[in-house]
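Here the protein sequences line up with chains A and B, keeping their order. Using the numbering used here, the first residue of the first sequence is number 1, and each one after it goes up by one. Using the numbering used here, the first residue of the second sequence is number 209, and each one after it goes up by one. All C-beta atoms, glycine included, are put in the ideal place defined by N, C-alpha and C. Please read these numbers as outputs of a predicted model, since none were measured by experiment. Some notes on the structure that comes next.
2 protein chains.
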Amino acid sequence: MNELTPRQRQIVEFIQQWLMDAGRPPTRAEIAKAFGFKSPNAAEEHLRALQRKGVLDLSPGASRGIQLKDSLREQMGLPLIGRVAAGKPILAEENIEARYQIDPQLFSPRPHYLLKVKGMSMKDAGILDGDLVAVHRTPEVRSRQIVVARLENEVTVKRYKQDGPIVWLMPANDDFDPIRVDLKEQSLIIEGVVVGVLRQGTGKGFLQ
Amino acid sequence: MNELTPRQRQIVEFIQQWLMDAGRPPTRAEIAKAFGFKSPNAAEEHLRALQRKGVLDLSPGASRGIQLKDSLREQMGLPLIGRVAAGKPILAEENIEARYQIDPQLFSPRPHYLLKVKGMSMKDAGILDGDLVAVHRTPEVRSRQIVVARLENEVTVKRYKQDGPIVWLMPANDDFDPIRVDLKEQSLIIEGVVVGVLRQGTGKGFLQ
DNA sequence: TCCGGGTCTGTATAAAATACCAGTTACTGG
DNA sequence: CCAGTAACTGGTATTTTATACAGACCCGGA
Chain A
1 MNELTPRQRQ IVEFIQQWLM DAGRPPTRAE IAKAFGFKSP NAAEEHLRAL QRKGVLDLSP
61 GASRGIQLKD SLREQMGLPL IGRVAAGKPI LAEENIEARY QIDPQLFSPR PHYLLKVKGM
121 SMKDAGILDG DLVAVHRTPE VRSRQIVVAR LENEVTVKRY KQDGPIVWLM PANDDFDPIR
181 VDLKEQSLII EGVVVGVLRQ GTGKGFLQ
Chain B
209 MNELTPRQRQ IVEFIQQWLM DAGRPPTRAE IAKAFGFKSP NAAEEHLRAL QRKGVLDLSP
269 GASRGIQLKD SLREQMGLPL IGRVAAGKPI LAEENIEARY QIDPQLFSPR PHYLLKVKGM
329 SMKDAGILDG DLVAVHRTPE VRSRQIVVAR LENEVTVKRY KQDGPIVWLM PANDDFDPIR
389 VDLKEQSLII EGVVVGVLRQ GTGKGFLQ
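Right, here's the structure in full:
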């Protein structure tokens with residue numbers, strides 16, 4: 001029911017493009033012209049359908065009264081997760097310290113949130129205390145990827161290494177020891193894969 | 209001549225705010241209502257004045273036909289500088305590999321460009337080969353700041369240390385030697401201060 | 001003093017845009 | 001086979017919007 005038809009998807013993409021180019025939403029007539037509709041009502045009905053499906057909002061009576069809901073979420077930006085409250089899902093509202101807009105093209109795959117790193121256990125991978133890591137939320141991880149894992153209600157960033165039923169969470173710092181997790185005994189929740197790193201304020205002086 | 213009056217500045221700020229909130233530009237009547245004008249023509253004349261001063265574009269005949277020129281520049285995002293052609297200014301068009309939108313609140317002071325780092329000379333400061341550093345363009349630097357410097361047509365990222373007329377460009381890696389610059393003999397151009405670091409694609413596996 | 005720009009009121013009108021209504025065609029699932 | 005939905009054409013009433021014109025007031029510079 002909530003799935004868009006190919007035509008509806010085209011309409012939404014057209015509106016996004018138009019917004020980028022013109023800085024304002026299109027009118028019914030402009031949509032109709034772009035798609036070759038001979039009646040603006042064809043556009044009207046597409047817009048109604050898209051509103052029913054929750055993809056956009058229409059402001060009654062206003063000219064160019066089309067608001068894409070996606071763009072609102074994009075405008076919100078990525079949530080920055082600071083301290084993760086025990087037992088709460090990582091993206092719970094109370095964990096969000098701020099939101100930052102990040103160009104989606106900058107990282108791939110697309111990150112879902114930023115996580116503030118505590119401690120120097122990943123120093124040799126260039127991830128320092130206080131750095132923000134951009135995380136793509138997926139449970140599918142491969143060995144040698146740097147992951148965000150939750151173990152005993154502790155959230156940690158480590159390099160992932162699987163050896164049969166044994167998972168090793170490897171620090172990138174000789175001062176720390178690898179963490180051994182036996183999946184038959186302990187539960188390990190993968191909160192995502194690190195797809196980027198972001199450090200604020202190197203100006204004042206940072207480390208050594 | 210190109211200076212905006214306080215009232216004109218208010219108008220521009222109002223349009224920016226409206227764009228953020230509604231996702232479309234305001235009409236003359238909406239501007240008039242917000243400012244308490246009793247005539248839409250007051251808004252019209254402000255828009256004309258702002259167009260004359262080059263702050264925005266008006267699309268004749270189109271409803272909500274206001275395009276802020278600033279927002280276009282903001283949409284362009286920060287330029288990513290790759291290889292710097294010898295003798296060319298760092299922000300020359302031919303040095304720009306791409307543009308990325310970055311939340312201005314993320315870094316402070318505001319960065320002017322991103323520079324792709326080559327080599328591992330700043331490894332211990334968490335800046336690795338291929339990282340992007342966000343750079344605030346200023347010639348004013350203090351000791352211990354990480355700077356982008358140009359020396360003999362080579363652009364390099366190092367920690368700055370001044371000792372009277374002698375400047376030391378300090379690597380953050382024991383395998384590299386500090387660079388000694390005597391300002392009486394050599395010219396050193398400071399291209400800016402590093403205010404942030406950005407690494408793309410840590411997912412696949414990075415270093416050690 | 002006169003001029004021009006900035007800031008606004010008030011009125012008017014044409015053009016742009018929305019919001020309906022009545023149909024048509026084609027496809028899909030019960 | 002029929003109902004429902006998607007995807008249109010064609011048209012119209014109504015509202016929204018842009019824009020022009022006629023003034024008014026203040027201020028600073030020539």
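Name the chain B residues that come within less than 9 Å of residue i, Cβ to Cβ?
i	result
A:Gln81	In the sequence under discussion, the amino acid at residue 81 of chain A is Ile, which differs from the Gln named in the question. What A:Ile81 touches in chain B: nothing, since even the nearest Cβ is about 15 Å away.
A:Ser63	Arg232, Thr235, Ser271 and Arg272
A:Gln67	Ala230, Gly231 and Arg232
How far does the beta strand (DSSP E) with residue i in it extend, from its first residue to its last?
i	result
B:Ile398	Ile397 to Gln408
A:Gln162	Glu154 to Asp163
B:Ile335	Segment: none, B:Ile335 is in no beta strand (DSSP E) and carries neither H nor E.
B:Arg236	That residue, B:Arg236, is in no beta strand (DSSP E); its alpha helix (DSSP H) goes Arg236 to Phe243.
A:Arg144	Note, A:Arg144: premise wrong, no beta strand (DSSP E); not H, not E.
A:Val55	Note, A:Val55: premise wrong, no beta strand (DSSP E); not H, not E.
A:Gln67	Ile66 to Leu68
B:Lys377	Reading the sequence as shown, one finds Leu at residue 377 of chain B and not Lys. Per DSSP, B:Leu377 belongs to the beta strand (DSSP E) from Ile374 to Met378.
B:Arg388	Ile387 to Asp390
Using a cut-off of 7 Å between C-beta atoms, extract the partners of residue i located in chain B.
i	result
A:Arg199	Gly334, Gly404 and Val405
A:Ile146	Thr410
Would residue i pass as a contact of residue j if the rule is Cβ separation under 9 Å?
i	j	result
A:Ala43	A:Phe35	yes
A:Val155	A:Ile146	no
A:Leu114	A:Val135	yes
A:Leu132	A:Val148	no
B:Leu258	B:Leu212	yes
B:Pro379	B:Arg388	no
B:Arg350	B:Glu399	no
B:Met328	B:Asp383	yes
A:His46	A:Gln8	yes
B:Gln225	A:Gln101	no
A:Pro6	A:Thr27	no
B:Thr410	A:Val167	no
B:Thr346	B:Pro386	no
Run through chain A and tell me which residues come within less than 8 Å of residue i, C-beta to C-beta.
i	result
B:Tyr321	Chain A residues near B:Tyr321: none, gap ~14 Å exceeds 8 Å.
For residue i, go through chain A and note every residue whose CB falls closer than 7 Å to its CB, in chain order.
i	result
B:Gly285	Asp103
B:Gly314	The amino acid occupying residue 314 of chain B in the given sequence is Leu; Gly does not appear at that position. Within 7 Å Cβ-Cβ: Tyr100 and Gln200.
Since residue i is in the alpha helix (DSSP H), which residue starts that stretch and which ends it?
i	result
B:Val220	Pro214 to Ala230
B:Leu255	Pro248 to Arg260
Excluding the 5 residues flanking residue i on each side, which residues of the same chain have their C-beta closer than 7 Å to its C-beta?
i	result
B:Arg232	Arg272
B:Asp337	Val325, Lys326, Gly327 and Met328
A:Gln162	Ser143
A:Lys204	Because the pLDDT of A:Lys204 is 48, which lies under 50, any placement of that residue in the model is unreliable, and the question is left without a value.
B:Asp332	Ala380 and Asn381
A:Phe107	Ala134, Val195 and Gly196
A:Leu188	Ala149, Leu151, Val167 and Val181
Which residues in the same chain have their Cβ closer than 6 Å to the Cβ of residue i, if we skip the five residues on either side of it in sequence?
i	result
A:Gln200	none
B:Ser157	Because chain B spans 209 through 416 in this model, residue 157 of chain B falls outside it and cannot be assessed.
A:Glu97	Leu80 and Gly82
B:Pro373	Leu391 and Lys392
A:Gly77	Arg99, Tyr100 and Gln101
A:Leu207	Summary for A:Leu207: the model assigns pLDDT 43, below 50, so the residue's position carries little reliability; its value from the coordinates is reported in the next sentence. So no residue of the chain qualifies.
B:Ala270	none
Under 8 Å Cβ to Cβ from residue i, same chain only, skipping five residues before and after it: list those, please.
i	result
A:Gly126	Val197
B:Asn361	Ala294 and Gly295
A:Leu56	Val12, Ile15, Leu47, Leu50, Ile66, Gln67, Leu68 and Lys69
B:Ala240	Lys246, Ser247, Pro248, Ala250 and Ala251
B:Gln423	Residue 423 of chain B is absent from the structure shown; chain B starts at 209 and stops at 416.
A:Asp21	none
B:Glu302	Ala293 and Lys296
A:Gln10	Phe35
A:His112	Leu78, Leu91, Val135, His136, Arg137 and Gly192
So is the beta-carbon of residue i under 8 Å away from any non-hydrogen atom of the ligand PLP?
i	result
B:His320	Only the bare structure without any ligand can be found here, which leaves the ligand PLP out of the picture.
Output the residue ranges of the beta strand (DSSP E) runs that lie fully inside the segment 287-333 of chain B and measure 3 residues or longer, sorted by chain position.
304-308 and 321-324
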